[in-house]
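Asker: Pasting in a structure now, in structure tokens, and then I'll have a few things to ask.
In the numbering used here, the protein residues as written are 2 to 283.
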């Protein structure tokens, strides 16, 4: 199929939804069953569910668009310089998966010349599929999702997944920032970005993420009316440093960004990290 000639990204959104479906076939039957858990090089856990789901997703991409690139959590990168690049996380929240929590999901992003144009979060155990394409509204199970109208940091409800994900210096910045907000909560992995897109929370601030964690969120948040960037306010890309700031509104994002910069200046904490270039695996 010649994707360059396609009007919009409709066919690619449809494939993203198919990818979520095949992942579900490999993950849901194994949820809350005895599984061998393997520790990867970075000490994060992985199971046969993660690996079999991603393998099935990659086969489906190859069958439909063999010239597209793939950046997956479990099976590496292929053709990452291709004009179209699929970014896959078969189980975001593996720790939730192996401990019986339903707050895990499958993530899919499509980048076109490095820019995210499709994003999907599928939450199988909650029965929610969130999907967005560039230029169109974010949808949850077919219903339009919008971020909240919050524009004031002091009124914001802020989430992050875990304090354990932060380096000490980054945690100091997050801790100070979040205490300026109306409410802070922890936990949720990918689901907190859908809560943001749906207007239930106002701010997400995270660190220590990988491209397959944050790139699926870009189009999802933006198409719902939100703003998402790194801690410098720069657009997220494969080469970003893994620190993410997502807000319900332009005004709230600007306030949170200014707060991070001010706190970094006051404490002498560097607010910039050296991006890690992904290794090419073919």
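Ideal placement from N, C-alpha and C gives every residue a C-beta, glycine not left out.
Note that the coordinates shown come from a computational prediction; the quantities given were computed from them, not determined experimentally.
Where does residue 92 fall in DSSP's three states?
Answerer: Three-state result, residue 92: strand.
Asker: Under 8 angstroms: do the stretch 79-90 and the stretch 199-209 share three or more Cβ pairs, one atom per stretch?
Answerer: Output reads no: the stretch 199-209 does not touch the stretch 79-90.
Asker: Check each candidate in 50, 21, 148, 24 and name the one with the smallest Cα separation from residue 35.
Answerer: For the residues 50, 21, 148, 24, the minimum Cα distance to residue 35 belongs to 50.
Asker: Measure from the alpha carbon of residue 159 to the alpha carbon of each residue in 122, 175, 101, then state which is nearest.
Answerer: Of 122, 175, 101, the residue nearest in Cα terms is 175.
Asker: Can residue 221 and residue 118 be called in contact, C-beta distance under 9 angstroms?
Answerer: Going by C-beta atoms, residue 221 is not nearer than 9 angstroms to residue 118.
Asker: Taking contact to mean 3 or more Cβ pairs, one atom from each stretch, closer than 8 angstroms, check whether the stretch 109-124 and the stretch 166-183 are in contact.
Answerer: As far as the Cβ criterion goes, the stretch 109-124 does not touch the stretch 166-183, which means the pair count is below three.
Asker: Measuring straight from C-alpha to C-alpha, what distance separates residue 16 and residue 73?
Answerer: Whole-angstrom Cα-Cα distance: 16 angstroms.
Asker: Mind the definition here: the stretch 121-137 touches the stretch 181-190 only if three or more C-beta pairs lie below 8 angstroms; say whether that holds.
Answerer: Not touching, per the Cβ criterion.
Asker: Given this structure, state the Cα-to-Cα distance separating residue 77 from residue 87, to the nearest angstrom.
Answerer: Approximately 12 angstroms between the Cα atoms of the pair.
Asker: What are the start and end residues of each continuous alpha helix (DSSP H) run of 4 or more residues lying completely inside the stretch 211-256, in chain order?
Answerer: With a minimum length of 4 residues, the continuous alpha helix (DSSP H) runs that stay inside the stretch 211-256 are 212-224.
Asker: Secondary structure at residue 98, three-state DSSP: helix, strand or coil?
Answerer: Correct three-state label for residue 98: helix.
Asker: Inspect the CB distances between the stretch 213-220 and the stretch 59-71 and report whether three or more fall short of 8 angstroms.
Answerer: No: fewer than three Cβ pairs fall under 8 angstroms.
Asker: Which residues in the same chain as residue 19 place their Cβ atom closer than 7 angstroms to its Cβ, once the five residues preceding and following it in sequence are excluded?
Answerer: Around residue 19: 61.
Asker: Which two residues bound the contiguous alpha helix (DSSP H) that contains residue 175?
Answerer: Run containing residue 175: 169-179, per the alpha helix (DSSP H) assignment.
Asker: To the nearest angstrom, how far is it from the Cα of residue 7 to the Cα of residue 142?
Answerer: Here residue 7 scores only 45 on pLDDT, less than 50, and its place in the model should not be relied on; the value that follows carries that caveat. Cα to Cα, the separation comes out at about 24 angstroms.
Asker: Which class does residue 40 belong to by DSSP, given the choice of helix, strand or coil?
Answerer: Strand at residue 40.
Asker: In this structure, does DSSP put residue 62 in helix, strand or coil?
Answerer: Here residue 62 sits in helix by DSSP.
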